[in-house]
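What follows is a short report on a single structure.
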Amino acid sequence: MNAIAKRLLPRSSLAASILAVLESLRCGGFLLDLRGRVLSLNLIAVGCLGDGLALGGEFLSATDRETDRQLQCMIGSALKGKRTAGAPTSLAVPRYCRLPLVVRTVRLDEGAQQASSAASLLLLAFDPELRSEPPRDLLIQTFGLTPAEADVAVGIVSGKSLTDIAAERGVKVGTVRAHSKTLFSKTHTRGQADLTGMLTRMSFLVPQLDGNIARVRDL
């Protein structure tokens, strides 16, 4: 972790609370003041720096020139509190050999500004590669799945094919396919894509220490 990022880890209780909630949801957070300076950030935001986003002094930028122009336009528009023509409301930030980050801004109200030491803007950074699986026991409890069906659900949301899941579990593909059909019925989903979307959203509500977050802590 570089010295600038380390110095900007939150110290005020409200800023720390806001950024900790975002971290538990596996979302990076940067708190900016009215001049666009980064006042504090969470550990996932630190992990977004160096590839796609950069911190020069106390100002955030994108490493790609055109993306940075759009990013500064988005931040400036949000800080003014009104929509600027041509300013994006969200932005994909390209990275080298990795999926892009997705960032957006949220304007804080006056009460929040005073309480969080002049923080005026929250910039959210979502890394699509920071995904996790919902716990098996939660799937069993929520949808009444059997342990075998929960294993299939976790395999599907992890991006594995039915063939891969069958090989891992030492069963026939037809058995896994039968489990998946029952799984779709119990979760009221219409297929693998629908199930993956629902379980991915569900996993965001289960705070856990992601391996990538642990890696950031060790920097």
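Residue 42 in the numbering used here sits at position 12 of the sequence shown, with consecutive numbering throughout.
For glycine and all other residues, C-beta sits at the position ideal for the given N, C-alpha and C.
Please report the distance separating the alpha-carbon of Val184 from that of Gly111.
Roughly 42 Å between the two C-alpha positions.
First through last residue of the beta strand (DSSP E) which encompasses Pro177:
Not the beta strand (DSSP E): Pro177 falls in the alpha helix (DSSP H), residues Pro177 to Val187.
In the DSSP assignment, the beta strand (DSSP E) including Val123 goes from what residue to what residue?
Here the beta strand (DSSP E) through Val123 covers Ser120 to Arg125.
So, under 8 Å CB-CB, Ala148 and Ala75 are touching, yes? Tell me the CB distance rounded to an integer number of Å.
With 8 Å as the limit, Ala148 and Ala75 do not qualify as a contact, their Cβ atoms being about 18 Å apart.
The region 83-96 / the region 163-177 touching (three or more Cβ pairs under 8 Å):
Taking a cut-off of 8 Å for Cβ pairs, the region 83-96 and the region 163-177 do not touch, as fewer than three such pairs fall below it.
Taking C-alpha atoms, which residue in Leu64, Ser70, Val132 and Leu85 lies nearest to Ala108?
For Ala108, the closest C-alpha among the options Leu64, Ser70, Val132 and Leu85 is that of Leu64.
So what does DSSP say about Gly59, is it helix, strand or coil?
In this structure, DSSP gives Gly59 an extended state, which the three-state scheme calls strand.
Select from Leu44, Asn72 and Lys190 the residue whose C-alpha is nearest the C-alpha of Leu52.
Ranking Leu44, Asn72 and Lys190 by Cα distance to Leu52 puts Asn72 first.
To the nearest angstrom, how far is it from the Cα of Leu151 to the Cα of Arg137?
Their backbone Cα atoms lie some 5 Å apart in a straight line.
Check whether Ala45 and Leu69 have beta carbons under 9 Å apart
Taking 9 Å as the Cβ cut-off, Ala45 and Leu69 qualify as a contacting pair.
If you draw a straight line from the C-alpha of Gln171 to the C-alpha of Val187, how long is it?
If you take the alpha carbons of Gln171 and Val187, they lie about 17 Å apart.
From Thr205, Leu225, Thr97 and Leu85, pick the residue whose C-alpha is nearest to that of Pro130; which is it?
With distances taken between CA atoms, Pro130 lies nearest to Thr97 out of Thr205, Leu225, Thr97 and Leu85.
Exposed or buried, Pro158, counting other C-beta atoms within 10 Å across all chains shown (16 or more means buried)?
Flag for Pro158 reads exposed.
Locate the alpha helix (DSSP H) running through Leu169, then write down its first and last residues.
Where Leu169 is concerned, the enclosing alpha helix (DSSP H) starts and stops at Arg166 to Phe173.
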